[in-house]
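Participant:
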Amino acid sequence: MLPLLLISTVPAFTLLLVAPASKPGCKLARELGLLVLLLATELLRHATAAGRRLRGRGREPERGARTMPAPPRPRPAALAAPGEAAEAEAEAAPAAAAAGLPLLDLAELALDRVLEELSPASLAAMACVCAALRDRCSADALWERHLRAKWGRVLGAAARKEWEAELGARVARASAPRPPRRRSWVESLPCAWPISWIACRWLKADATPAPAAVAAEPAPAAPPTDTVAAWYRALECGEFWFPAQVYNREQDGHVGFVLSCYDAHLRYDRRTDTFTARYPPHGRKPAKEEAGVQWSRIRAPPVGTPAHELHASDCLEALRPCDHFEIQWRKNKDFPYGWWYGVVGHQAPCNPSEHLCRCHEDDTIVLEFQHYAPGSRWRQTTVSRKDHRETGDEADGFYGGIRKLQTKDEISTWRRFWPVDVLN
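In mature numbering (1 follows the signal peptide of the UniProt record, and there is no 0), the protein residues as written are -20 to -1, 1 to 404.
1) Take L385 as the anchor and find which of L296, T362, D314, D120 has the nearest alpha-carbon.
2) Under 8 Å: do the region 326 to 344 and the region 309 to 317 share three or more Cβ pairs, one atom per stretch?
3) Going by DSSP, what residue range makes up the beta strand (DSSP E) through D120?
4) Locate the beta strand (DSSP E) running through L347, then write down its first and last residues.
5) Of the choices P157, W123, L113, whose alpha-carbon is the least far from that of S99?
6) Taking just the CA atoms, how far does A27 sit from R35?
7) Grouping DSSP H, G and I as helix and E and B as strand, with all else coil, what is A20?
8) Per the DSSP calculation, Q225 is bridged to which residue(s)?
9) Looking at the structure shown, is residue 408 part of a helix, part of a strand, or coil, going by DSSP?
10) Sorted by chain position, which residues of the same chain lie with C-beta nearer than 6 Å to W394's C-beta, five sequence neighbours on each side aside?
11) Could you compute how far the alpha carbon of A104 sits from the alpha carbon of R33?
12) A87 by DSSP, collapsed to three states: which one?
13) I'd like to check one pair, W221 with R258: are the Cβ atoms closer than 8 Å?
14) Expressed to the nearest angstrom, what Euclidean distance is found between the alpha-carbon atoms of P266 and R158?
15) Pop quiz: V238 and F255 are said to be a contact at Cβ under 8 Å. What is the actual Cβ separation, rounded to whole angstroms?
16) Can you look up T393 in the DSSP assignment and give me helix, strand or coil?
17) Confirm, please, whether the CB-CB distance from A107 to L113 is below 8 Å.
18) Pick from A101, I345, W131: whose alpha carbon is nearest that of S118?
19) Pull the bridge partners of F255 from the DSSP assignment, please.
20) Output the distance between the C-alpha atoms of L89 and E96, rounded to the nearest integer angstrom.
21) Starting from the C-beta of P316, find all residues in its chain whose C-beta is less than 8 Å away, skip the five residues before and the five after it, and write them out in chain order.
22) Take D342 as the anchor and find which of G355, S364, Q350, H351 has the nearest alpha-carbon.
23) What residues match up with W320 in a beta bridge as DSSP calls it?
24) With DSSP run on the structure shown, which of helix, strand or coil describes K313?
25) Within a Cβ cutoff of 8 Å, which residues of the same chain sit near A139, ignoring the five residues on either side of it in sequence?
26) Relative to the alpha-carbon of L403, which residue among E390, A271, R125, S356 has its alpha-carbon at the smallest distance?
27) Consult DSSP for S155 and reduce its assignment to one of helix, strand or coil.
28) Mapping the DSSP letters down to three states, classify T361 as helix, strand or coil.
29) Which residues mark the beginning and the end of the beta strand (DSSP E) in which Y212 is found?
30) Using the C-alpha atoms, what's the distance from A87 back to C291?
31) In its own chain, which residues sit with a C-beta less than 6 Å from the C-beta of R383, not counting the 5 before and 5 after it?
32) Using 10 angstroms around the beta-carbon of C217, count the other beta-carbons present and answer buried if the total reaches 16, otherwise exposed.
33) Looking only at C-alpha atoms, which of D294, A210, A271 sits nearest to T252?
34) For Y352, which option in V400, A156, R125, P82 has the closest C-alpha, if you only look at C-alpha atoms?
35) Can you tell me whether A137 is buried or exposed? The criterion is at least 16 other CB atoms within 10 Å of its CB, across all chains shown.
Now the structure itself:
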């Protein structure tokens, strides 16, 4: 009878629901139609549940008559064959050992040593086992090792600062007050008329608790966002753009950036094990992105000087011929600086012999970019040793601060990008 009543009344209520809401009378009729539909739905749900309970009571005697077969009793060891007894003991030994020594019963140092041997993926999976392991597996000391091993070469102080700023922005977004939402009078009925069907899933889906018999154990919460584990996850999943520097930007078909290193923001793609680099705008030119950047082309910024500021050159007095250096260069005043590799050269009248050279006593330093051909306007430039500031013009660009390369590692990294052919 109830299904026939629903079938006969649904078309009329549908017309009420689709009526225009601009007129007060139509809006009231639409809300009354929704109220009647909710009542009919609740009555149908209760009728269905009552029918299931009645059917279940009818099957209880039949279900109680069924008995589970008793498990087979194991044969005594004395009656079992020698081979079978040995196999049973071998199978039972590992299970007994595992049951007798749970992981959490290990000593503190032993458990820490076990966790230190886990890979990042295994450590993250272990954190999902229980609350105690979640706290242990989210320890900063464990994840600092993994962070240094994989990301230490490309992450600098600027990346950590930006991550802290990102955490602050997330906290601000989470604590921001939400704008109040106007409630319909149907949604306000549970406050004045507390009947069970009014507070159903149609109005508040999360208000109905699950039955205790089928309630699942809550999943472990994610680690706090201010932990090293959260930072590692954000980097690994490509959720955080971190600042770094890229050698030979836009290297595909572009020789204008050979032996240079430019600031960029990068995001990791673990499917290809490469990065997407986003370079800042060059003057009026928009920002550019480059995909497929390999690990070998990325480094952490060696100094904290921003890309648009002049680096303070504190190595000019120590520069000698054949020293390797990086120098800031930009095409015009609106462009950011990039770092370019070069070697200190000799003065024109100087004897290049090691014992006769006096170039280090001169106030002028010769800077050579030997990947350009002799005679090229980019091959050589000079700067003042005592009062060097930004020098240059719109035609040849502007030369900024100088940084001396101190280690063989830095020099060998630059030499890996040496072009096959000499540039003009």
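By construction, the Cβ of each residue, glycine as well, lies at the ideal position given by its N, Cα and C atoms.
Facilitator: Looking at the atomic coordinates:
1) Translated into the one-based positions of the sequence shown, residue 385 becomes position 405. Measuring from the Cα of L385, the nearest candidate turns out to be L296.
2) no
3) In the sequence shown, residue 120 corresponds to position 140, counting from 1. Segment 120 to 131 is the alpha helix (DSSP H) holding D120; no beta strand (DSSP E) there.
4) Numbered from 1 along the sequence shown, position 367 holds the residue referred to as residue 347. It spans 344 to 348 - the beta strand (DSSP E) in which L347 sits, taken as one unbroken run.
5) Counted from its first residue, the sequence shown places residue 99 at position 119. Taking only the C-alpha atoms, the option nearest S99 is W123.
6) Taking the sequence shown and counting its residues from 1, the one referred to as residue 35 is at position 55. Taking the sequence shown and counting its residues from 1, the one referred to as residue 27 is at position 47. Between R35 and A27, the C-alpha separation is close to 12 Å.
7) Your numbering for residue 20 matches position 40 in the sequence shown. A20: helix per DSSP, three-state reduction.
8) Numbered from its first residue, the sequence shown carries residue 225 at position 245. Looking at the DSSP assignment, Q225 forms a beta bridge with D243, R279.
9) The structure shown does not extend to residue 408, since the chain spans only -20 to 404, so no value can be given for it.
10) By 1-based counting over the sequence shown, the position of residue 394 is 414. Around W394: Y321.
11) Your numbering for residue 104 matches position 124 in the sequence shown. Your numbering for residue 33 matches position 53 in the sequence shown. In a straight line, the C-alpha of A104 is about 44 Å away from that of R33.
12) Locating residue 87 in the sequence shown gives position 107, where the first residue counts as 1. Coil at A87, not helix or strand.
13) Walking along the sequence shown from the start, residue 258 turns up at place 278. Walking along the sequence shown from the start, residue 221 turns up at place 241. Contact flag set, yes.
14) Residue 266 sits at position 286 when you count from the first residue of the sequence shown. Residue 158 sits at position 178 when you count from the first residue of the sequence shown. One C-alpha to the other measures close to 35 Å.
15) For the purposes of this step, residue 238 is taken as the residue at position 258 of the sequence shown. For the purposes of this step, residue 255 is taken as the residue at position 275 of the sequence shown. At roughly 20 Å, the Cβ-Cβ gap does not stay under 8 Å, so V238 and F255 are not in contact.
16) Residue numbering aside, residue 393 sits at position 413 when the sequence shown is read from its first letter. It is helical.
17) Taking the sequence shown and counting its residues from 1, the one referred to as residue 113 is at position 133. Taking the sequence shown and counting its residues from 1, the one referred to as residue 107 is at position 127. Yes, they are a contact pair.
18) For the purposes of this step, residue 118 is identified with residue 138 of the sequence shown, where counting begins at 1. Considering only alpha carbons, the answer is A101.
19) Here residue 255 refers to the residue found at position 275 when the sequence shown is read from its first residue. Partner(s): Y248, V273.
20) Locating residue 89 in the sequence shown gives position 109, where the first residue counts as 1. Locating residue 96 in the sequence shown gives position 116, where the first residue counts as 1. L89 and E96: Cα-Cα distance of roughly 10 Å.
21) On the sequence shown, residue 316 is found 336 positions in, with the first residue counted as 1. Contacts found: Y242, D243, P260, H262, A287, H288, R310.
22) The residue you call residue 342 lines up with position 362 of the sequence shown. Comparing Cα-Cα distances from D342 to each of G355, S364, Q350, H351, the minimum goes to S364.
23) Residue numbering aside, residue 320 sits at position 340 when the sequence shown is read from its first letter. Answer by DSSP bridge pairing, in chain order: S240, I307.
24) The sequence position of residue 313 within the sequence shown is 333, counting from 1. Correct three-state label for K313: coil.
25) Locating residue 139 in the sequence shown gives position 159, where the first residue counts as 1. Within the same chain, A139 has close Cβ partners F222, P223, A224, A280.
26) Along the sequence shown, one-based indexing puts residue 403 at 423. Of the candidates E390, A271, R125, S356, the one whose C-alpha sits nearest the C-alpha of L403 is S356.
27) If you number the sequence shown from 1, residue 155 lands on position 175. Reduced to three states, the DSSP call for S155 is helix.
28) Position 381 of the sequence shown, counted from the first residue, corresponds to residue 361. T361: strand per DSSP, three-state reduction.
29) Position 232 of the sequence shown holds residue 212. Segment 208 to 216 is the alpha helix (DSSP H) holding Y212; no beta strand (DSSP E) there.
30) Position 311 of the sequence shown, counted from the start, is the residue given in the question as residue 291. Position 107 of the sequence shown, counted from the start, is the residue given in the question as residue 87. Here residue 291 turns out to be His, not Cys, going by the sequence shown. Between H291 and A87, the C-alpha separation is close to 52 Å.
31) Position 403 of the sequence shown, counted from the first residue, corresponds to residue 383. Contacts found: E306.
32) Residue 217 sits at position 237 when you count from the first residue of the sequence shown. Label assigned to C217: exposed.
33) Numbered from its first residue, the sequence shown carries residue 252 at position 272. Comparing Cα positions, the closest option is A271.
34) What you label residue 352 is simply residue 372 of the sequence shown in a count that begins at 1. Looking at the Cα atoms, V400 is the closest of the given residues.
35) Walking along the sequence shown from the start, residue 137 turns up at place 157. With fewer than 16 Cβ atoms within 10 Å of its Cβ, A137 is classed as exposed.
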